Amino acid sequence: MKTKSFKEKLNEQTAFIDGYLDKYLDEKDNPQNIIYKAMRYSIFAGGKRLRPILMMNVCKMCGGDVNEIIPFACAIEMIHTYSLIHDDLPAMDNDDLRRGMPTSHIKFGEATAILAGDALLNKAFEVVSDYRGDDVKRAVKAINMLAVSSGTEGMIGGQIVDMESEGREITLEELCYLHLNKTGAIIRSACTIGALIGGGSDAQVKAVDEFAKNLGVAFQIQDDILDIIGNEQELGKPIGSDLEEEKNTYVRLAGLEKSKELAYVYSENAKSALAIFGDKADFLIELTDYLTKRRS
Numbered sequence: 000m001k002t003k004s005f006k007e008k009l010n011e012q013t014a015f016i017d018g019y020l021d022k023y024l025d026e027k028d029n030p031q032n033i034i035y036k037a038m039r040y041s042i043f044a045g046g047k048r049l050r051p052i053l054m055m056n057v058c059k060m061c062g063g064d065v066n067e068i069i070p071f072a073c074a075i076e077m078i079h080t081y082s083l084i085h086d087d088l089p090a091m092d093n094d095d096l097r098r099g100m101p102t103s104h105i106k107f108g109e110a111t112a113i114l115a116g117d118a119l120l121n122k123a124f125e126v127v128s129d130y131r132g133d134d135v136k137r138a139v140k141a142i143n144m145l146a147v148s149s150g151t152e153g154m155i156g157g158q159i160v161d162m163e164s165e166g167r168e169i170t171l172e173e174l175c176y177l178h179l180n181k182t183g184a185i186i187r188s189a190c191t192i193g194a195l196i197g198g199g200s201d202a203q204v205k206a207v208d209e210f211a212k213n214l215g216v217a218f219q220i221q222d223d224i225l226d227i228i229g230n231e232q233e234l235g236k237p238i239g240s241d242l243e244e245e246k247n248t249y250v251r252l253a254g255l256e257k258s259k260e261l262a263y264v265y266s267e268n269a270k271s272a273l274a275i276f277g278d279k280a281d282f283l284i285e286l287t288d289y290l291t292k293r294r295s
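In structure tokens form, the structure reads like this:
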């Protein structure tokens, strides 16, 4: 029997998550039908499903049942998508394209886009608070982790720091703090929730958190690199926009070559953190290489 390639496994998992998202976000024939269309438009706009895939595979690596993690995996993708909708708004980044498609506020108008983001955030907690698994205590802790990582001490905090740093020079340390929150907090909670629901030991949860922290930084650095050397068609957005808008990026502060070195160091640190799992970590190690060498 032919062994599946990494890309085949990745595509299968993406389709698996999409199937559940489709069920959770079904359209309803009611007067507010437009909000379901707007929610679905952004959720199915071609995302990588990185966060739910990380969560499922960490859960499996720790010996857990992937079916237990599905509500949390879908919820974290809803939260991520809500953040992108709001990030694209005129008051934030004012972007017209996301993954090669018109952004939500261009497609549906600004007010509906704001409400679609709000609705996805609410739906995420509606889904996880309806958890029917075996360990309610773990689920409550996971819900708290999800809330904290997407709030003022996580993603929203990072977004505020990003906005406050516009128009002024910041240090690499400040930039790292910004992205550990804005991008990294949700990636870390995806992994630690996977370990928690998967029944990981304290040592395993700690190792997973170290993996996720380094992966989040490597992922962001690669994003910054692609804004300079990426292919506009593959990325689905204009190249060089961060540079034109004078945003603080790793490439701007450290230069292209140093950024490539940093991306490599952080990705290697991420993989090293998984050593205690042995060959159970193989897929996540492949995923790390795939994400930090991606072209889109």
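The opening residue of the sequence shown carries number 0 in numbering that gives the first Met the number 0; numbering runs sequentially from there.
C-beta atoms are modelled at their ideal positions from N, C-alpha and C, and glycine is treated no differently.
What you are looking at is a predicted structure, and each value in this text was computed from that prediction instead of being measured.
| Check | Outcome |
| --- | --- |
| At least three beta-carbon pairs within less than 8 Å, the stretch 10 to 25 to the stretch 37 to 53 | yes |
| Alpha-carbon spacing of Ala110 relative to His104, whole angstroms | 8 Å |
| Test item: CB-CB of Leu83 and Ser41 under 8 Å | yes |
| Candidates Lys1, Lys6 and Ile275: closest to Ala202 by CA position | Ile275 |
| Arg97, DSSP secondary structure in three states | strand |
| Per-residue burial, Ser200 [other beta carbons within 10 Å of its own, 16 or more giving buried] | exposed |
| Rounded C-alpha distance that separates Asp223 from Tyr249 | 6 Å |
| Reference Ala123; option with closest CA among Asp92, Phe218 and Ala74 | Ala74 |
| Buried versus exposed call for Arg294 [16 or more other C-beta atoms within 10 Å across all chains shown] | exposed |
| Distance between beta carbons of Ala37 and Arg97, contact taken as under 8 Å | 13 Å between Cβ atoms; not a contact. |
| His178 to Leu195 span [Cα, whole Å] | 24 Å |
| Reduced DSSP category for Pro103 - H, G, I as helix; E, B as strand; rest coil | The residue you asked about is not Pro; residue 103 is Ser in the sequence shown. Here Ser103 sits in helix by DSSP. |
| Met77: first and last residue of the uninterrupted alpha helix (DSSP H) it sits in | Val65 to Asp86 |
| Exposure of Ala141, with buried meaning 16 or more beta-carbon neighbours within 10 Å | buried |
| Unbroken alpha helix (DSSP H) run spanning Ala90, endpoints | No alpha helix (DSSP H) holds Ala90; DSSP gives it neither H nor E. |
| Touch test, the stretch 160 to 171 against the stretch 121 to 140, Cβ-Cβ under 8 Å, three pairs minimum | no |
| Proximity below 8 Å, CB of Lys136 to CB of Gly157 | no |
| Alpha helix (DSSP H) segment containing Cys58, residue limits | Leu49 to Met60 |
| For Ala90, the nearest candidate out of Phe107, Ile113 and Ile78 (CA to CA) | Ile113 |
| Nearest-angstrom Cα separation, counted from Thr170 out to Asn247 | 9 Å |
| Reduced DSSP secondary structure (H/G/I, E/B, other) of Ala272 | coil |
| Under the three-state DSSP convention, the category Ile169 falls into | coil |
| Unbroken alpha helix (DSSP H) run spanning Gly215, endpoints | Asp201 to Ile228 |
| For Asp288, the first and last residue of its enclosing alpha helix (DSSP H) | Asp281 to Thr291 |
| For Ile68 and Gly193, believed in contact at Cβ under 8 Å, the rounded distance | 6 Å |
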